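*Asks:* This is the structure, below, for whatever I ask next.
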Amino acid sequence: MQTRVSAKITGECDNCHTMHNSQQGASMQFNSTAKVERNLLRGDCLGCHGQATAQKIVNINGSLVPQVMHSDPSGDLAAGNFGYITGIKGIASNSHGHNVIALGEAFRDATFVSTLPGGIAESFHDGYIVNASNLTCAGVNGCHGYRLTSGSPTDVVALKGAHHNNVDGQLLVADTAANSYRFLVGVRGYENQTDRWQNASPSSHNEYYGATTPMTLGCGATSCHGSNGVSPPNHTISGFCGTCHGNFHTLTAGDNDGIGPNITSPFIRHPNDIVLPASKEYQNYTTYSVQAPIGRTAVPASASSVVTPGADVITCLSCHMAHASPYPDMLRWDYSQMNAHQSGDVNTGCFTCHTAKDN
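The working numbering applies: residue 3 is where the sequence shown begins, and numbers increase by one.
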């Protein structure tokens with residue numbers, strides 16, 4: 003049974019909705035444009051959550067609204083900041099994150115206009131349906147909400163009702179947008195109740211759900227297609243990433259070579275949904291790092307600062323941010339500064355797990 007807390011959106015209705023998108027002749031959109039949104043909303047996903055403010059969480063007449071694009075010097079929310087793509091924060095680069103089309107054509111990565119990194123390679127499956135030319139925040143070509151392959155709504159409509167039925171804390175069911183981790187349909191996890199939307203410290207953070215073996219693609223027993231649209235059959239965050247980047251995050255099958263044929267080293271790609279070994283250098287990672295977070299094979303009811311090698315697992319989010327980061331490939335740290343056997347980067351970045359290679 004999942005733990006339910008008061009996570010439903012609160013506040014005045016007109017914080018989010020407008021009846022006629024006009025007040026004394028002026029637009030009611032957050033960005034003051036004449037554009038109108040479905041469901042009587044005052045903005046699309048970025049219109050509400052990417053207002054380019056100086057705060058990572060804004061208070062709109064009593065409603066706390068997390069921001070995924072901002073210039074707050076105190077830090078970012080757990081998934082990162084699209085401002086690292088646009089230059090609102092840090093140095094602008096299209097390689098710093100997911101290039102959702104709502105950011106504007108100037109921020110599309112030209113390399114991926116018709117392809118994407120690690121696309122599903124099966125001959126019977128177009129692995130490049132989603133790319134920089136059509137990537138949205140939500141819907142069939144996005145991450146959040148229902149990703150139905152036929153007649154799927156896009157952006158805000160794919161999340162209809164989710165904000166009003168949102169479940170926080172321990173999410174064990176994940177069969178609707180509202181009760182899935184961060185509205186990622188099918189994904190289980192724990193949403194931080196102490197510092198909402200944030201990985202604030204080793205004892206206050208989200209908990210990511212993982213598995214001990216990655217998915218094997220094939221559209222059989224592990225099909226990503228169901229009544230709720232595309233979702234990960236194993237309910238993990240890495241499985242979710244694999245619904246687009248399948249050739250990066252799965253075991254070898256068919257035309258996909260994935261990480262390799264099994265969960266035994268050596269790998270051809272860095273593994274995920276695999277146990278952090280309880281031996282050699284890995285056994286030294288015992289205190290949770292918000293820079294390189296691990297996953298749990300059972301969704302906890304609260305955050306823990308303890309890491310258990312041999313039980314906890316590596317996920318995609320152990321290395322990458324979900325939205326954007328200050329570094330290329332949306333990594334959590336500067337990969338170019340990871341220098342083996344130099345004391346300046348002890349227990350940071352790659353060396354959080356690979357502890358014997360930083361001294």
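All C-beta atoms in this analysis are idealised placements derived from N, C-alpha and C, irrespective of residue type, glycine included.
Just so you know, these numbers come straight off a predicted model, no measurement behind them.
(1) Give a yes or no on whether the C-beta atoms belonging to T254 and P263 are separated by under 7 Å.
(2) Label D314 either buried or exposed according to how many other C-beta atoms from any shown protein chain fall within 10 Å of its C-beta, with 16 as the threshold for buried.
(3) Can you name, in chain order, every residue of its own chain whose Cβ lies under 7 Å from the Cβ of N258, other than the five neighbours on each side?
(4) Below 8 Å on the Cβ atoms is my contact criterion, and I expect C50 with V67 to pass it. Report the Cβ-Cβ distance as a whole number of Å.
(5) Looking at T238: is its Cβ nearer than 7 Å to the Cβ of S291?
(6) Examine the Cβ distances between the stretch 132 to 146 and the stretch 184 to 197 and report whether three or more of them are shorter than 8 Å.
(7) Quick one: what's got a C-beta closer than 7 Å to N83's C-beta in the same chain, skipping five residues either side?
(8) My understanding is that H98 touches P328, with C-beta atoms under 8 Å, so please give their C-beta distance in whole angstroms.
(9) Count the other CB atoms within 10 Å of the CB of G312; is the residue buried (16 or more) or exposed (fewer)?
(10) In terms of residue numbering, what span does the beta strand (DSSP E) encompassing G191 cover?
(11) Give the secondary structure of L79 by DSSP, where H, G and I count as helix, E and B as strand, and everything else as coil.
(12) Run through DSSP, which three-state label would Q25 get?
(13) Where does G171 fall in DSSP's three states?
(14) Can you check whether the CB of D74 is closer than 7 Å to the CB of T57?
(15) Considering only residues of the same chain and omitting the five flanking positions on each side of A81, which have a CB-CB separation below 7 Å?
(16) What three-state label does DSSP hand T5 in the structure shown?
(17) With distances taken Cα to Cα, identify the nearest neighbour of L137 among V115, G120, F126 and Q25.
(18) Short check: CB of D170 to CB of A134, under 7 Å?
(19) Quick one: measure Cβ to Cβ for S206 and A294, integer angstroms, because I've assumed they're closer than 8 Å.
(20) Is the beta carbon of N17 sitting closer than 7 Å to the one on I87?
(21) Could you check what DSSP says for P379 in three-state terms: helix, strand or coil?
(22) Please state whether DSSP places E39 in a helix, a strand or coil.
(23) Can you tell me where the alpha helix (DSSP H) with Y86 in it begins and where it stops?
(24) Put E209 into one of helix, strand or coil per three-state DSSP.
(25) On the DSSP letters alone, give me the boundaries of the alpha helix (DSSP H) that N249 sits inside.
(26) Go ahead and pull the three-state DSSP assignment for I270.
(27) So T317 and G297 are supposed to be a Cβ contact under 8 Å. How far apart are they, rounded?
(28) Answer yes or no: do A176 and G188 have a C-beta to C-beta separation smaller than 7 Å?
(29) Just how far apart, CA to CA, sit N168 and P119?
(30) Check this for me: beta carbons of G64 and G13, under 7 Å apart or not?
(31) So what's N61 in DSSP terms, helix, strand or just coil?
(32) Between M21 and S229, what straight-line distance do the alpha-carbon atoms span, to the nearest angstrom?
(33) What would DSSP say about A358, mapped onto helix, strand or coil?
(34) Indicate whether D157 and A180 have their beta-carbon atoms separated by less than 7 Å.
(35) How is K10 classed by DSSP in three states: helix, strand or coil?
*Replies:* Well, looking at it:
(1) In the sequence shown, residue 254 corresponds to position 252, counting from 1. In the sequence shown, residue 263 corresponds to position 261, counting from 1. Result yes, Cβ atoms of T254 and P263 sit closer than 7 Å.
(2) Within the sequence shown, the letter at position 312 stands for residue 314. Using a 10 angstroms sphere on the CB of D314, the tally of other CB atoms reaches 16 or more, which defines it as buried.
(3) Counting from one through the sequence shown, the residue named residue 258 turns up at place 256. Apart from sequence neighbours up to five positions away, the residues of its chain that approach N258 with a beta-carbon distance below 7 Å are I122, A123, E124, L219, G248, N249 and T252, ordered along the chain.
(4) Sequence index remark: in the sequence shown, residue 50 carries index 48 (1-based). Sequence index remark: in the sequence shown, residue 67 carries index 65 (1-based). About 6 Å separates the Cβ atoms of C50 and V67, confirming a contact at the 8 Å cut-off.
(5) Here residue 238 corresponds to residue number 236 of the sequence shown, with the count starting at 1. Here residue 291 corresponds to residue number 289 of the sequence shown, with the count starting at 1. Against a cut-off of 7 Å, the Cβ pair of S291 and T238 comes out as no contact.
(6) With a cut-off of 8 Å on Cβ pairs, the stretch 132 to 146 is in contact with the stretch 184 to 197, counting three or more such pairs.
(7) In the sequence shown, residue 83 corresponds to position 81, counting from 1. Cβ contact annotation for N83 (same chain, cutoff 7 Å, sequence separation greater than five): V70, M71, H72, K91, H325 and A326, in chain order.
(8) In the sequence shown, counting from the first residue as 1, residue 98 sits at position 96. In the sequence shown, counting from the first residue as 1, residue 328 sits at position 326. Right, the Cβ-Cβ distance comes to about 7 Å (below 8 Å), so this counts as a contact.
(9) Taking the first residue of the sequence shown as 1, we reach residue 312 at position 310. Under the 10 Å beta carbon count, G312 is surrounded by fewer than 16 other beta carbons and is classified as exposed.
(10) Along the sequence shown, one-based indexing puts residue 191 at 189. Residue range G191 to E193 is occupied by the beta strand (DSSP E) that includes G191.
(11) Along the sequence shown, read from residue 1 onward, the residue named residue 79 stands at position 77. DSSP places L79 in the coil class of the three-state scheme, outside both helix and strand.
(12) What you label residue 25 is simply residue 23 of the sequence shown in a count that begins at 1. Here Q25 sits in strand by DSSP.
(13) In the sequence shown, counting from the first residue as 1, residue 171 sits at position 169. For G171, the secondary structure class from DSSP, reduced to helix, strand or coil, is strand.
(14) Position 55 of the sequence shown, counting from 1, holds the residue named residue 57. Position 72 of the sequence shown, counting from 1, holds the residue named residue 74. One detail in the question is off: residue 57 reads as Gln in this sequence, not Thr. Taking 7 Å as the cut-off, the beta carbon of Q57 is found closer than this to the beta carbon of D74.
(15) By 1-based counting over the sequence shown, the position of residue 81 is 79. Counting only Cβ-Cβ distances below 7 Å, and skipping sequence neighbours, we find V70, M323, A324 and H325.
(16) Here residue 5 refers to the residue found at position 3 when the sequence shown is read from its first residue. Because T5 sits at a pLDDT of 39, beneath the cut-off of 50, its placement in the model cannot be relied upon, and the following sentence gives the value as read from the coordinates. Three-state DSSP puts T5 in coil, outside helix and strand.
(17) The residue given as residue 137 occupies position 135 in the sequence shown. Answer by Cα proximity: V115.
(18) Mapped onto the sequence shown, residue 170 falls at position 168. Mapped onto the sequence shown, residue 134 falls at position 132. In this structure, A134 does not lie closer than 7 Å to D170 by Cβ.
(19) Locating residue 206 in the sequence shown gives position 204, where the first residue counts as 1. Locating residue 294 in the sequence shown gives position 292, where the first residue counts as 1. By a beta-carbon distance limit of 8 Å, S206 does not contact A294. Their separation comes to about 16 Å.
(20) Indexing the sequence shown from 1 puts residue 17 at position 15. Indexing the sequence shown from 1 puts residue 87 at position 85. Not closer than 7 Å, so no.
(21) This structure cannot speak to residue 379, because the chain is shown only from 3 to 361.
(22) Start at 1 with the first residue of the sequence shown, and residue 39 comes out as number 37. Here E39 sits in coil by DSSP.
(23) Within the sequence shown, numbered from 1, the residue matching residue 86 stands at position 84. G85 to T88 is the extent of the alpha helix (DSSP H) around Y86.
(24) For the purposes of this step, residue 209 is taken as the residue at position 207 of the sequence shown. Here E209 carries a strand assignment [DSSP, helix/strand/coil].
(25) Counting from 1 along the sequence shown, the entry for residue 249 is found at position 247. G248 to H251 is the span of the alpha helix (DSSP H), which, as asked, contains N249.
(26) The residue labelled residue 270 in the question sits at position 268 within the sequence shown. DSSP places I270 in coil when its eight states are reduced to three.
(27) As a first step, residue 317 is located in the sequence shown; it is residue number 315 there, counting from the start. As a first step, residue 297 is located in the sequence shown; it is residue number 295 there, counting from the start. Yes, they are in contact, since the Cβ atoms of T317 and G297 sit about 4 Å apart, within 8 Å.
(28) For this step, residue 176 is matched to residue 174 along the sequence shown. For this step, residue 188 is matched to residue 186 along the sequence shown. For A176 and G188, yes; Cβs fall inside 7 Å.
(29) Residue 168 sits at position 166 when you count from the first residue of the sequence shown. Residue 119 sits at position 117 when you count from the first residue of the sequence shown. Between the alpha carbons of N168 and P119 lies a distance of about 31 Å.
(30) Here residue 64 refers to the residue found at position 62 of the sequence shown. Here residue 13 refers to the residue found at position 11 of the sequence shown. Cβ atoms of G64 and G13: closer than 7 Å.
(31) If you number the sequence shown from 1, residue 61 lands on position 59. The answer is strand: DSSP assigns N61 an E or B state.
(32) What you label residue 21 is simply residue 19 of the sequence shown in a count that begins at 1. What you label residue 229 is simply residue 227 of the sequence shown in a count that begins at 1. Taking the CA atoms as reference points, M21 sits about 33 Å from S229.
(33) Stepping through the sequence shown from its first residue, residue 358 is reached at position 356. A358: helix per DSSP, three-state reduction.
(34) Here residue 157 corresponds to residue number 155 of the sequence shown, with the count starting at 1. Here residue 180 corresponds to residue number 178 of the sequence shown, with the count starting at 1. No.
(35) Within the sequence shown, numbered from 1, the residue matching residue 10 stands at position 8. In this structure, DSSP gives K10 a state outside helix and strand, which the three-state scheme calls coil.
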